[in-house]
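2 protein chains.
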Amino acid sequence: MGRKKVEIKRIQEKSCRQVAFCKRRKGLLKKAKEVSILCDVDVAAVIFSNSGRLYQFSSTNSLTGTLQRYKSHVEAEKEICTEIQVTEHSKYSSFTTMGELLQTTERELEETNADDLTVTDLVHLEKDLEAALIQTRSRKTHLMLESVKGLHEKEKLLREENKLLEDNISSIKKNGTVNEMSMGRQQRVTLKFL
Amino acid sequence: MGRKKVEIKRIQEKSCRQVAFCKRRKGLLKKAKEVSILCDVDVAAVIFSNSGRLYQFSSTNSLTGTLQRYKSHVEAEKEICTEIQVTEHSKYSSFTTMGELLQTTERELEETNADDLTVTDLVHLEKDLEAALIQTRSRKTHLMLESVKGLHEKEKLLREENKLLEDNISSIKKNGTVNEMSMGRQQRVTLKFL
DNA sequence: TCGACTATGTATAACGC
DNA sequence: TGCGTTATACATAGTCG
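Chains as they are written, first to last, in numbering that gives the first Met the number 0: chain P, 0 to 193; chain R, 0 to 193.
Below, the structure written as structure tokens:
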């Protein structure tokens, strides 16, 4: 549907792929919405960009009736959301602990027969998981912010050192001699963060 | 896309609706597949006909486990429930932007007492908010990681430049002259990232 | 990188069996 | 009811700014 017929295979050029993704994603979600309205059916679509962003459409227009179906439907969807979140985060190699945490949780949930869990049990479990999640997330953000802060500091010092070295060279060019005082200062800066 | 422009609203004529569903369903799943291949992203789409049948597409790229699980869950559900449900449209199902969603949410939570929002409304609202939260969080992590990556790159270049400046000074000290070639190199590095 | 444009390929509404 | 055909609306690939 464009100037040229396109073969359906991965677009090699990254920028083209990105543009196509933007357009087609929009188109897909629009179509999903149209079908759901025109034909009065239940449609859900989720798309993950490989930069980790989530796009979705969902028409939940035919729930109700039996409470059971309603519940299981919502739970299924919730499950997806949770797992998606986990998968996204565990993509990044430096946060393997989070993946491990979730693996353990998943195992535990699988070992338990769903029927044996009462609502009360599940409420407790949910609370525990939420607490663990919040803690993990908080720690992650903290570490990342620390990292960024440290890197900014490093950058500042390196620029400072650079400036001094350049001044040094300038003065050498002008005077024809090495300015020892300036060198001394520059070396103190270097030692400070290495 | 046919002989006539169609307004996007429920098709009244049942047979027309059925035909449209058949065609558009096929089209939607095809498009979903195309996006996933062309743009190399993860896509999942599920459609329930209102006669209880399930149609779906899923590209199991890095979400294999999740989608597999989703599939089986939904299929199990399908077996149990073949009943058709009464239509009940969610106020919250089609927000185009998160801002819109949040504004509406705030307004409604402020001006209503709990009695005006049904459980169904709240479940939908919860779902939409969760999706927005996940997206925001994912974006945050992505941006932070990008930032860290950029800073590491900067650091590397600054160190490189520094090294060259130091070499330059060393050679000046040794030879008593400015090494022009070395200066040239150093300046190229500087330009590269400023 | 981003949006707007436009030529062109696709999807599909209506129709006919 | 479902499939094939056709005319038309729509989506979008390539392009320009």
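Backbone N, C-alpha and C fix where the C-beta goes; we use that ideal spot for every residue, glycine too.
All of these numbers come straight from a predicted model, not from anything done at the bench.
Could you pull the DSSP bridge partners for residue i from this structure?
| i | result |
| --- | --- |
| D41 of chain P | R:F47 |
| S58 of chain P | P:V42 |
Is there at least one Cβ from chain R nearer than 8 angstroms to residue i's Cβ?
| i | result |
| --- | --- |
| A113 of chain P | Residue confidence for A113 of chain P is low, a pLDDT of 46 falling below 50, so the modelled location carries little weight and cannot support an answer. |
| G26 of chain P | yes |
| K148 of chain P | no |
| E152 of chain P | no |
| D166 of chain P | no |
| E145 of chain P | no |
| R16 of chain P | yes |
| A19 of chain P | yes |
Taking the CB atoms as reference points, tell me whether residue i and residue j lie closer together than 8 angstroms.
| i | j | result |
| --- | --- | --- |
| R16 of chain P | Y54 of chain P | no |
| K153 of chain R | E165 of chain P | no |
| L27 of chain R | A44 of chain R | yes |
| I36 of chain R | N167 of chain P | no |
| V195 of chain R | I46 of chain P | What is shown of chain R runs 0 to 193, which leaves residue 195 of chain R out entirely. |
| L157 of chain P | N174 of chain R | no |
| L150 of chain P | L144 of chain R | no |
| I171 of chain R | I171 of chain P | yes |
Thinking just about the alpha-carbon of each residue, which of the options is nearest to the one in residue i?
| i | options | result |
| --- | --- | --- |
| E6 of chain R | P:K8, P:I7, P:E33, P:K172 | P:E33 |
| V18 of chain P | R:K22, R:E159, R:G1, R:C38 | R:C38 |
| N49 of chain P | P:M0, P:K13, P:L157, P:S146 | P:K13 |
| K8 of chain P | R:R9, R:G1, R:K30 | R:K30 |
Chain P beta carbons: is any one of them nearer than 8 angstroms to that of residue i?
| i | result |
| --- | --- |
| R2 of chain R | no |
| N49 of chain R | yes |
| N161 of chain R | yes |
| K13 of chain R | no |
| K173 of chain R | no |
| K30 of chain R | yes |
| L8 of chain R | Checking the sequence shown, residue 8 of chain R turns out to be Lys, not Leu. Taking Cβ atoms only, chain P reaches closer than 8 angstroms to K8 of chain R, which makes this a yes. |
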